[in-house]
Amino acid sequence: MSFIFWFIVFVSVTYGAVDKALLPEINCADEIKAIKERLAKVEEEQELEKERDFRLNHGSGRRSYEVDAVAFFATIGATVDHLGQGQTVVFDQLLTMIDSTHSVGAYSATTGVFTAPLNGLYVFSVTLLALNTHATHLALHKNNTPLSTIYVNANSASSTVTVSLVRGDSVYVKHMDNDHGLYGAFYGGQSTFTGFLLQREYDDSPVVG
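Going letter by letter, the sequence shown gives residues -16 to -1, 1 to 193 in mature numbering (1 follows the signal peptide of the UniProt record, and there is no 0).
Next up, the structure:
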């Protein structure tokens, strides 16, 4: 009887010691599991934050100019009676002006010249109406190079171009003939000039166009 009793005591003590020895390993495994769960939760929250930021900047119906935005729309405010040969047409009524770069570039309603604040691909459109029955030629220029020629008479004429610009390039409308005039803001402005940045160029390679 005593042998059996002491055998049971021995086994109980031995297994108790083993269980106590295993406790640190069990606790360590639990801590690792908890850490992994916390890391997974943090990563999930970061992904949700990125998604919220993307929707804020690019979501439909939201105005956000965190991305590069350059655009303008201008009209001639009153009839221009005389335009000399080689004269730049000044669209003096600036109705829309967006420049996320906050630079001294973009469109000037004083000179009629758009100066590119960023390297990139731009779109420009000009619509003109000649005074009375006069007919005349104008051209949309990039720096000193004509991009398109516009023949204007009693009917309105327009031209739209897509062109690559580097920072500092200029785009403007130049009168090609001698002495003519353009209709201005009657009935909402028949002579208009607009442009915007379609896509920015981020590399340093030369832009051709």
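Each residue gets a CB set at the ideal place from its N, CA and C atoms; glycine is no exception.
- Collapsed DSSP secondary structure at residue 32 in the structure displayed: helix
- Query: Which one or two residues does DSSP pair with residue 130 in a beta bridge?
  - Reply: 125
- Message: Please classify residue 100 as buried or exposed, where buried requires at least 16 other C-beta atoms within 10 Å of its C-beta.
- Response: Buried is the call here.
- How big is the Cα-Cα spacing for residue 87 and residue 144? 25 Å
- Does the beta carbon of residue 182 fall short of 7 Å from some heavy atom of the ligand GDP? With respect to the ligand GDP, the structure shown offers nothing to examine, as it has no ligands at all.
- Query: By a C-beta neighbour count over all protein chains shown, 10 Å radius and 16 as the cutoff for buried, is residue 163 buried or exposed?
  - Reply: exposed
- On the three-state DSSP scale, how would you describe residue 53? When secondary structure is reduced to three states using DSSP, residue 53 falls in the coil class, being assigned neither helix nor strand.
- Which residues does DSSP pair with residue 177 in a beta bridge? 58, 110
- Please state whether DSSP places residue 26 in a helix, a strand or coil. helix
- Query: Hey, would you say residue 73 sits closer than 8 Å to residue 179, going by beta carbons?
  - Reply: No.
- Can the beta-carbon of residue 115 be found closer than 8 Å to that of residue 165? Residue 115 places its beta carbon less than 8 Å from that of residue 165.
- Task: Would you identify the three-state DSSP class for residue 13, choosing helix, strand or coil?
- Result: helix
- Query: Looking at the unbroken beta strand (DSSP E) that takes in residue 199, where does it start and where does it end?
  - Reply: Look at the range of the chain in this structure, -16 to 193, and you will see that residue 199 is not part of it.
- Task: Just mark residue 186 as buried or exposed, buried being the case when its beta carbon has 16 or more other beta carbons within 10 Å.
- Result: exposed
- Task: Check each candidate in 31, 136, 134, 151 and name the one with the smallest Cα separation from residue 127.
- Result: 151
- Task: For residue 83, write down the residues that DSSP places opposite it in a beta bridge.
- Result: 54
- Query: DSSP on residue 90, reduced to helix/strand/coil?
  - Reply: strand
- Does the distance from the CB of residue 122 to the CB of residue 158 come in under 8 Å? yes
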